[in-house]
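Presented below is the structure to which this report refers.
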Amino acid sequence: MLNVKKESAGRRLWNKNKVALLFLTPWLIGLIVLSLIPMIASMYLSFTHYDMFNMPKWTGFDNYINLLTSDLRFTQSLKVTLKYVFIGVPLQLIMAFGLAVVLNRGVRGLSGFRAIYYVPSLLGPSLAIAILWKQLFGMDGIINEFLSIFGIAPNSWVADPSTSLYTLIILLAWQFGSPMVIFLAGLKQIPTDLYESASIDGAGRFTKLFKITIPMLTPIIFFNLVMQLINAFQAFTPAYIIGGQTGGPLDSTLFYNLYLYIKAFTEFQMGYASAMAWILLAVIAAFTGLLFLLAKKWVHYES
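Counting from -17, one number per residue, gives the positions in the sequence shown under my numbering.
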């Protein structure tokens, strides 16, 4: 009798949810075929020597040991990427926050400005923008023409190892549209009563900014910080185009993903590249976890 009741309960549950499961089936197939299976395969390949032409040969932890102890270009790619992330992401968020505050002051045609400022986020990672950026900062680019007005000698910024990475950081900061829109939405949710009460108490503009606006926006700041940090770690196209597909000059733009691409599809060391992919996952997870731990000290929620 108990088994009959269980079967009937299971049948009722199936009849109730079968439509939802039917609509979820394409997503589940995509998750399994396009995500889980490749991840498992990549994990296995990371412990092998695999050149895409012969069967994988099990090598244990050799790929990871070589990466962490003897591959100088791996170390350089990690340094370049960390510098790109830790300078570019804060600069991007500062620009996004500043523009959001300005646009929140009742600017006419707000929706139009919001759309215009969002465009860089749509175009920034594209191939065309990377090519354009390389032209802008080249020897004959418009940047040098502008600087010549002030008597500054022309320089090929993308070909100079001391400045090439900073052109990519500027490109990252230029893609401020997405976090700006999120900041603007958060600013709209702050009660105006708080600003009115502060004005009555004699608070100035900067006092309101640091005592009301920023504390109330800390959850939004935290969200933008995590999302942009993850995106920056995965940067590839700008370095591929501006760095001449090799991370030049002198590996100054050798991003982690670019070096992974070189190992996988130029040198055909797919097992080695798979190990790099898992190390990148661990690095992103570590920094994201650290942000969540530190968030308890500075992110304030209404509750």
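Backbone N, C-alpha and C fix where the C-beta goes; we use that ideal spot for every residue, glycine too.
> To which residues of the same chain is W260 closer than 6 Å at the C-beta, ignoring the five residues directly before and after it?
Replying inline: S28
>> What does the alpha-carbon distance come out to for the pair G184 and I196?
In response: If you take the alpha carbons of G184 and I196, they lie about 19 Å apart.
> Nearest CA to the CA of K278: which residue from P220, F204, F218?
Replying inline: Measuring from the Cα of K278, the nearest candidate turns out to be F204.
> Hey, how far is the Cα of T149 from the Cα of V140?
Replying inline: 7 Å
> Does N48 have its Cβ less than 8 Å from a Cβ in chain D?
Replying inline: The question asks about chain D, but that chain is absent: this structure has only one protein chain.
> Among residues of its own chain, excluding the 5 on either side of Y32, which ones have a beta-carbon nearer than 7 Å to its beta-carbon?
Replying inline: A distance below 7 Å between beta-carbons, with the five flanking residues on each side excluded, links Y32 to the following residues of its chain, in chain order: P38, M252, G253.
> Any idea if W40 is buried or exposed, counting beta-carbon neighbours within 10 angstroms, 16 or more meaning buried?
Replying inline: Under the 10 Å beta carbon count, W40 is surrounded by fewer than 16 other beta carbons and is classified as exposed.
> Can you give the beta carbon distance from L153 to P220, rounded, assuming they're within the 8 Å contact cut?
Replying inline: Contact between L153 and P220 holds: CB atoms are separated by about 6 Å, below the 8 Å threshold.
>> Quick check on the burial criterion: 16 or more other C-beta atoms within 10 angstroms. Buried or exposed for F35?
In response: exposed
> How long is the line joining the alpha carbons of L(-5) and V163, rounded to whole angstroms?
Replying inline: 42 Å
>> What ranges does the alpha helix (DSSP H) occupy inside the region 163 to 213, keeping only unbroken runs of at least 4 residues that lie completely in it?
In response: 174 to 182, 187 to 190
> So who's on the other strand from T219, going by DSSP bridges?
Replying inline: DSSP output for T219 lists no bridge partner at all.
> When you compare each of F250, K116, F269 to T30 by their alpha carbons, which one comes out closest?
Replying inline: F250
> When you compare only the Cα positions, how much space is there between I224 and T235?
Replying inline: In a straight line, the C-alpha of I224 is about 8 Å away from that of T235.
> DSSP state of W299, grouped into three classes?
Replying inline: Shown here, the chain extends from -17 to 285; a query on residue 299 therefore has no answer.
>> Contact between the region 209 to 218 and the region 63 to 70 is defined here as three or more beta-carbon pairs at a separation below 8 Å; is this criterion met?
In response: Touching, yes, given that three or more Cβ pairs across the two stretches are closer than 8 Å.
> Along the chain, where does the alpha helix (DSSP H) that runs through V15 open and close?
Replying inline: Unbroken run through V15: none, as it is neither H nor E.
> Got a sec? Which residues, its chain only, sit under 8 Å from M(-17) by beta carbon, not counting five neighbours each side?
Replying inline: Note that M(-17) has pLDDT 49, beneath the 50 cutoff, so the model's placement of it is unreliable and the number below is only indicative. If we look at M(-17) and ignore the five residues flanking it on each side, it has no Cβ neighbours.
> Between the C-alpha atoms of W9 and P20, what's the straight-line distance to the nearest angstrom?
Replying inline: 16 Å
> Can you name the start and end residues of the alpha helix (DSSP H) that N239 belongs to?
Replying inline: 238 to 243
>> What would DSSP say about T228, mapped onto helix, strand or coil?
In response: coil
> Beta carbon of Y241, beta carbon of F56: below 8 Å?
Replying inline: yes
>> Quick check: the Cα distance between T228 and L64, rounded to an integer number of angstroms?
In response: One alpha carbon belongs to T228, the other to L64, and they sit about 18 Å apart.
>> Can you tell me whether T248 is helix, strand or coil according to DSSP?
In response: In this structure, DSSP gives T248 a helical state, which the three-state scheme calls helix.
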